[in-house]
Amino acid sequence: MSSVGPTLILAPIRGVTDVLYRNTFARCFGGLDRAVAPFIHLRRGHGLRPADRQQLAPEHNRELPVIPQVLAHSPALFAAVVRGLHDLGHGEVNWNLGCPQPTVAGRGRGAGLLPHPERIASILEQVLGQCPVRLSVKLRLGYRDPDEFLAVLDVLNRFPLSEVILHARTAAQLYGGTVDVERAARALELCRHPFVYNGDINTPQGFRDLCRRLPGAAGWMLGRGVLMCPFLPAQLRGTPLPSAEVRRERLRDFHAQLLDGYRQRLSGPAHLLNKMKEHWAYLAFSFAAPQEVLARIRQSRAPDAYHDAVARVFDQPLDGLGAGDR
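Counting from 114, one number per residue, gives the positions in the sequence shown under the working numbering.
1. Starting from F308, follow the beta strand (DSSP E) in both directions and report where the run begins and ends.
2. For T137, does the three-state DSSP call read helix, strand or coil?
3. Where does H229 sit, in a helix, a strand or coil, going by DSSP?
4. Just curious, the alpha helix (DSSP H) that H368 is in, first and last residue?
5. For F142, which residues of its own chain have a beta-carbon under 6 Å away from its beta-carbon, when the five flanking residues on both sides are left out?
6. Go ahead and pull the three-state DSSP assignment for A330.
7. Would the region 168-176 count as touching the region 208-216 if we require 3 or more Cβ pairs under 8 Å?
8. Measuring only the C-alpha atoms, how far is A401 from A408?
9. Whole angstroms are fine: how far does the CA of R378 sit from the CA of A369?
10. Taking F262 and R296 to be in contact with their CB atoms under 8 Å, please state how far apart those CB atoms are, rounded to whole angstroms.
11. Across the region 352-370 and the region 332-340, are there enough close Cβ pairs to call them in contact, namely three or more that are closer than 8 Å?
12. Starting from R296, trace the alpha helix (DSSP H) both ways and give me its first and last residue.
13. Okay, do the region 259-276 and the region 182-194 touch, 3+ Cβ pairs below 8 Å being the bar?
14. Beta carbon of G128, beta carbon of E391: below 8 Å?
15. Please name the residue in D200, L184, V277 whose C-alpha comes closest to that of L155.
16. Below 7 Å CB to CB, which residues in the same chain sit around G290 once its five sequence neighbours on both sides are set aside?
17. Out of P382, G160, L201, which has the shortest C-alpha to C-alpha gap to I448?
18. Is the beta carbon of P151 sitting closer than 8 Å to the one on P125?
19. Let's see if you can read the secondary structure: which residues bound the alpha helix (DSSP H) around A418?
20. Along the chain, where does the alpha helix (DSSP H) that runs through N174 open and close?
21. What's the gap between the Cα of C324 and the Cα of E176?
22. Taking F398 as the reference, which of P346, V426, A418 has the closest Cα?
23. Taking C-alpha atoms, which residue in F272, A383, E238 lies nearest to D417?
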């Protein structure tokens with residue numbers, strides 16, 4: 114955790130930024146202030162699952178403070194899980210109004226609620242009245258219409274929220290296309306809560322441009338950019354990119370800690386290899402030839418082949434330009 118410079122928050126990326134990743138990243142690279150965890154699945158008649166408790170218990174997140182995230186469109190379930198998170202020791206919960214996946218948004222959850230500001234208002238009215246913690250919201254510009262955020266912000270401004278995090282894309286864009294910084298600036302102007310910007314923070318120069326265009330932002334959420342360049346948070350705080358030798362050793366140590374941690378948690382070599390390949394989909398971009406790295410890693414089907422592939426990968430040239438020059 115860092116207290117110097119801009120407030121930097123790790124985005125919730127399902128299947129990747131779990132408790133092991135968050136703690137390991139904080140030990141190996143640092144630079145982040147806190148994280149928002151991937152959303153909790155709500156189940157009628159059930160509280161937090163044991164897996165949720167393992168991921169979110171504050172005592173398991175000592176390296177990097179975490180804020181749980183809830184995906185909900187049922188006020189009763191929402192309130193019940195928030196109470197469970199409070200009992201677990203959390204003082205803040207984030208409500209996901211931004212998940213763009215069709216299986217989620219198409220069922221009226223996540224970004225699927227954005228066309229229905231009156232429904233958002235109704236849920237907030239029912240939940241905040243029995244909410245023992247601070248509540249923040251993460252949203253997108255809209256489901257398909259990039260101006261839906263205007264009506265949604267009008268609703269959010271009526272409630273005592275701790276923070277509003279905006280990913281400057283529509284749900285229809287998923288993670289493609291370009292972010293709309295002009296609309297993000299309009300949202301910042303209208304928002305009466307602390308405003309956090311999210312979307313394509315990938316380089317120090319790009320970050321400086323965003324700081325200039327969004328001067329009142331209270332914080333910045335980093336997603337795929339930090340997964341592809343783990344040194345990015347420190348760079349955004351003004352720390353020079355380390356030498357290739359230092360980066361290689363820190364990346365090697367990061368990988369070794371992840372591998373050992375997942376080996377202890379997952380069931381069998383196939384599960385372990387699949388999990389590590391998920392991480393390599395991002396980590397490969399720390400190397401000069403990421404597609405070659407990915408191909409080599411993905412071809413491995415057994416632990417011995419994987420270890421051999423990793424050893425060869427770590428002998429390959431790193432991205433010699435660094436995040437700041439991409």
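Yeah, the Cβ is synthetic: ideal placement off N, Cα and C, and Gly gets one too.
The answer reads as follows:
1. For F308, the enclosing beta strand (DSSP E) has its first and last residue at 308-311.
2. Of the three classes helix, strand and coil, the one that applies to T137 here is helix, per DSSP.
3. Coil, per DSSP.
4. In the DSSP annotation of this structure, the continuous segment of the alpha helix (DSSP H) that includes H368 starts and ends at 357-378.
5. Counting only Cβ-Cβ distances below 6 Å, and skipping sequence neighbours, we find P343.
6. Annotated three-state conformation of A330 is coil, per DSSP.
7. In the pairwise beta carbon analysis, the region 168-176 is classified as not touching the region 208-216: fewer than three pairs are separated by under 8 Å.
8. Within the model, the alpha-carbon separation for A401 versus A408 is close to 14 Å.
9. If I take the Cα positions, the gap works out to 14 Å.
10. The pair is a contact, with the Cβ atoms about 7 Å apart (cut-off 8 Å).
11. The answer is no - the region 332-340 does not touch the region 352-370, with fewer than three Cβ pairs under 8 Å.
12. The continuous alpha helix (DSSP H) containing R296 extends over residues 294-303.
13. Taking a cut-off of 8 Å on C-beta distances, the region 259-276 does not touch the region 182-194, as fewer than three cross pairs fall below it.
14. Here G128 is near E391, since their CB atoms are less than 8 Å apart.
15. Closest by C-alpha distance to L155, out of D200, L184, V277, is L184.
16. Taken in chain order, the residues that qualify are R282.
17. Outside the shown range of the chain (114 to 439) lies residue 448, about which nothing can therefore be said.
18. In this structure, P151 places its C-beta atom within 8 Å of the C-beta atom of P125.
19. From DSSP, the alpha helix (DSSP H) with A418 extends over 416-426.
20. Secondary structure note for N174: it is in no alpha helix (DSSP H), with a DSSP letter that is neither H nor E.
21. Rounded to whole angstroms, C324 and E176 show a C-alpha spacing of 27 Å.
22. Considering only alpha carbons, the answer is V426.
23. The alpha carbon of D417 has as its nearest neighbour, out of F272, A383, E238, the alpha carbon of A383.
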